[in-house]
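Peer 1: Have a look at the structure that comes next, please.
2 protein chains.
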Amino acid sequence: MVKNNGQEPARRGRPGYDQQSVLNVAVAVFNKHGYEATSMGILAENLGISKSAIYHHVPSKGDLLRLALDEALGSLEAILDEPGASSGRADDRLEFVVRRTIEVLTSKLPYVTLLLRLRGNTEIERTALERRRQFDHKVAALVEAARDEGRLRGDIDPRTTTRLLFGTINSIVEWYKPGGKLTAEKLADDLVSMIFDGLHLPAAARVIA
Amino acid sequence: MVKNNGQEPARRGRPGYDQQSVLNVAVAVFNKHGYEATSMGILAENLGISKSAIYHHVPSKGDLLRLALDEALGSLEAILDEPGASSGRADDRLEFVVRRTIEVLTSKLPYVTLLLRLRGNTEIERTALERRRQFDHKVAALVEAARDEGRLRGDIDPRTTTRLLFGTINSIVEWYKPGGKLTAEKLADDLVSMIFDGLHLPAAARVIA
Chain A
3 MVKNNGQEPA RRGRPGYDQQ SVLNVAVAVF NKHGYEATSM GILAENLGIS
53 KSAIYHHVPS KGDLLRLALD EALGSLEAIL DEPGASSGRA DDRLEFVVRR
103 TIEVLTSKLP YVTLLLRLRG NTEIERTALE RRRQFDHKVA ALVEAARDEG
153 RLRGDIDPRT TTRLLFGTIN SIVEWYKPGG KLTAEKLADD LVSMIFDGLH
203 LPAAARVIA
Chain B
3 MVKNNGQEPA RRGRPGYDQQ SVLNVAVAVF NKHGYEATSM GILAENLGIS
53 KSAIYHHVPS KGDLLRLALD EALGSLEAIL DEPGASSGRA DDRLEFVVRR
103 TIEVLTSKLP YVTLLLRLRG NTEIERTALE RRRQFDHKVA ALVEAARDEG
153 RLRGDIDPRT TTRLLFGTIN SIVEWYKPGG KLTAEKLADD LVSMIFDGLH
203 LPAAARVIA
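Sequence lines, in order, name chains A and B.
This note's numbering numbers the first residue of the first sequence as 3 and each following residue consecutively.
This note's numbering numbers the first residue of the second sequence as 3 and each following residue consecutively.
Given below as structure tokens:
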């Protein structure tokens, strides 16, 4: 699996691009033009190398897509194996997963953007969407467990909660700019505050308007 | 402006399609294949009429897009002129706008979906995106006013709040199925509960786990 974070290509002795940096450019081009509208010719142009030089790194455009999606999905799936996601109260585990998901999303923004825009037109896309669904189901199970433990409100169907929660988190890819004034950590704090505690100030803390 | 709600085409004496029903089909096809990938030929095929019969209703594909986006944007903009959005406490006005936005989004789902997927590649799209930004700015001003009135928490930048709020609302188009078990009204209740009051139960209401 690809281990590089997509920011600093690790060169392995060979001059020019390595697979990771080819992948970084491919993901940017896929996000800009759409995967289907991107030909190997367009990729070669954006990389400034020949088509045959791309084939040195990957056998096909589909392999670039598969590697890119695996980078996003592998990082998300790994969250669920971390200790913070697997022991303790369910609402704490849920909050942990939300925070780590935002970290992955902001640090691998182009990769997660590609994943979230998939429409499932090819086998590679459908396989990735199935892995994404599995991830969502595991988070939905956490929402349900936190509700059963009496920590989350019981008047919202856990499936609705999970959809709204992912809706909020995933929408970040549409506007978040890494390196700007809003750090990923503060964004995670804000999102967790809004979703778990709400935007309303408790009555006791209110200034009389 | 188009007044029909996109569900029941109003026929005006002429046999076959009227403009509204042509529009309904066009919006469905744009959402499925993407606006740019949709030719007048594909539209004609989906409508089961000839290309020249389409031109009887609208001069061009761009006009179909413009009419469709105007239906979504006109409905959203009209919310801000309703009494519930223009008088009373800012947090109540904000909640009103959120609820009505969800109503528009669920009742005109394909039209709002088209609007939300725009990438701004043509002048028509850029004009629509500018109108959408104006709408967002007016809601952002409500968020700021509610914060100044001491009703919303002060530790989140109002711009972040607005982006997360729209992120949550807009994500509904990706999964909501009108006519299913979850009514638009219950969905609005759930979203408002989560965003304004939070998913956590207040400590006093908790069952000991």
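All residues carry an ideal CB built from backbone N, CA and C; glycine is no exception.
Given the structure is predicted, the values throughout are model-derived calculations rather than measurements.
Pairing CB atoms from the region 148-167 of chain B with CB atoms from the region 159-179 of chain A, are three or more of them under 8 Å?
Peer 2: Segments in contact, yes.
Peer 1: Ignore the nearest five residues each way along the sequence and tell me which others in Ala46/B's own chain have a CB closer than 7 Å to its CB.
Peer 2: Around Ala46/B: Ser52, Lys53, Ile56.
Peer 1: For the region 181-188 of chain A against the region 187-198 of chain B, do three or more pairs of beta-carbon atoms, one drawn from each stretch, fall closer than 8 Å, so that the two count as touching?
Peer 2: Counting Cβ pairs under 8 Å, fewer than three are found: no touch.
Peer 1: Are the CB atoms of Ala148/A and Leu71/A within a distance shorter than 8 Å?
Peer 2: Not in contact: Leu71/A and Ala148/A (Cβ atoms no closer than 8 Å).
Peer 1: Using only the alpha-carbon positions, how far apart do Gln21/A and Ala28/A sit?
Peer 2: Cα-Cα distance, rounded: 10 Å.
Peer 1: Contact between the region 105-112 of chain B and the region 56-67 of chain B: three or more CB pairs below 8 Å?
Peer 2: Touching, no, given that fewer than three Cβ pairs across the two stretches are closer than 8 Å.
Peer 1: If the cut-off is 8 Å on Cβ atoms, which residues from the region 82-116 of chain A count as contacting chain B, listed in chain order?
Peer 2: Residues passing the 8 Å Cβ filter: Arg91, Asp93.
Peer 1: Is it buried or exposed for His59/B, if we count other Cβ within 10 angstroms and need 16 for buried?
Peer 2: The residue is buried, with at least 16 neighbouring Cβ atoms inside 10 Å.
Peer 1: Is it buried or exposed for Ala80/A, if we count other Cβ within 10 angstroms and need 16 for buried?
Peer 2: Exposed: under 16 other Cβ atoms inside 10 Å.
Peer 1: Span of the alpha helix (DSSP H) holding His35/B?
Peer 2: Looking at the DSSP string, the run of the alpha helix (DSSP H) that includes His35/B is 21-35.
Peer 1: Out of curiosity, what's the CA-to-CA distance linking Ile126/A and Ser88/B?
Peer 2: About 49 Å.
Peer 1: With 16 as the cutoff for other CB atoms within 10 Å, does Arg95/B come out buried or exposed?
Peer 2: Classification for Arg95/B: buried.
Peer 1: CB-CB under 6 Å to Phe98/A, same chain, minus the five flanking residues each way: which ones, in chain order?
Peer 2: Result list for Phe98/A: Gly86, Ala87, in chain order.
Peer 1: Per DSSP, what kind of secondary structure is Leu154/B in: helix, strand or coil?
Peer 2: DSSP places Leu154/B in strand when its eight states are reduced to three.
Peer 1: Can you give the beta carbon distance from Arg133/A to Leu82/A, rounded, assuming they're within the 8 Å contact cut?
Peer 2: That pair is no contact at about 12 Å.
Peer 1: Please classify Ser77/B as buried or exposed, where buried requires at least 16 neighbouring CB atoms within 10 angstroms.
Peer 2: Label assigned to Ser77/B: buried.
Peer 1: What does the Cβ neighbour count give for Arg135/A, buried or exposed, with the cut at 16 atoms within 10 Å?
Peer 2: The residue in question, Arg135/A, is exposed, as its Cβ has fewer than 16 Cβ neighbours within 10 Å.
Peer 1: I want to verify the contact list: residues of chain A whose CB lies under 9 Å from the CB of Asp199/B, in sequence order.
Peer 2: Neighbours of Asp199/B on chain A, chain order: Arg155, Asp199, Gly200, Leu201, His202.
Peer 1: Please indicate yes or no: does the CB of Ile174/A lie closer than 7 Å to some heavy atom of the ligand MG?
Peer 2: No copy of the ligand MG occurs in the structure displayed, which carries no ligand at all.
Peer 1: Residues of chain E with CB under 9 Å from Asp192/A, in chain order?
Peer 2: You won't find chain E in this structure, because its protein chains are A and B.
Peer 1: Less than 8 Å between the CB atoms is what I'm expecting for Leu154/B and Asp93/B, so what's the real figure, rounded?
Peer 2: Yes, Leu154/B and Asp93/B are in contact; Cβ-Cβ is about 6 Å, under 8 Å.
Peer 1: Just grab the DSSP bridge partners of His202/B for me.
Peer 2: Paired residues: Leu154/A.
Peer 1: Buried or exposed, going by whether 16 or more other CB atoms sit within 10 Å of the CB of Arg102/B?
Peer 2: By the neighbour-count rule (16 or more Cβ atoms within 10 Å), Arg102/B is buried.
Peer 1: For a cutoff of 8 Å on Cβ pairs, would you count Gly152/A as touching chain B?
Peer 2: With 8 Å as the cut-off, Gly152/A counts as an interface residue toward chain B.
Peer 1: Can you give me the C-alpha to C-alpha distance between Glu151/A and Gly156/B, rounded to a whole angstrom?
Peer 2: Their backbone Cα atoms lie some 30 Å apart in a straight line.
Peer 1: Suppose you measure from the CA of Gly36/A to the CA of Arg121/B; what does that come to, to the nearest Å?
Peer 2: Using only the alpha carbons, I get a separation of about 11 Å.
Peer 1: Who are the near neighbours of Ile44/B in its chain, counting only those whose CB is closer than 8 Å to its CB and skipping five residues on each side?
Peer 2: Counting only Cβ-Cβ distances below 8 Å, and skipping sequence neighbours, we find Val31, His35.
Peer 1: Of all Cβ atoms in chain A, is any one closer than 8 Å to the Cβ of Gln9/B?
Peer 2: At Gln9/B, the pLDDT of 47 sits below 50, so the modelled position is not reliable and the matter cannot be decided from this model.
Peer 1: Distance, Cα to Cα, Asn26/B vs Ile171/B?
Peer 2: Near 23 Å, if we compare the C-alpha coordinates of Ile171/B and Asn26/B.
Peer 1: Mind listing, in chain order, the continuous beta strand (DSSP E) runs of no fewer than 3 residues lying wholly within the region 160-202 of chain A?
Peer 2: You should have found no qualifying run.
Peer 1: With Leu45/B as the anchor, note down where its alpha helix (DSSP H) starts and where it stops.
Peer 2: 42-49 is the extent of the alpha helix (DSSP H) around Leu45/B.
Peer 1: Quick one: give me the first and last residue of the alpha helix (DSSP H) that Ala39/A is part of.
Peer 2: That residue, Ala39/A, is in no alpha helix (DSSP H); it is neither H nor E in DSSP.
Peer 1: Step through the CB atoms of chain A and report whether any lies within less than 8 Å of the CB of Leu69/B.
Peer 2: No, because no Cβ of chain A sits closer than 8 Å to the Cβ of Leu69/B.
Peer 1: Pull up the CB-CB distance for Ser173/B and Gly169/A, whole angstroms please, since I reckon it's below 8 Å.
Peer 2: That belief holds up - the Cβ atoms of Ser173/B and Gly169/A are roughly 3 Å apart, short of 8 Å.
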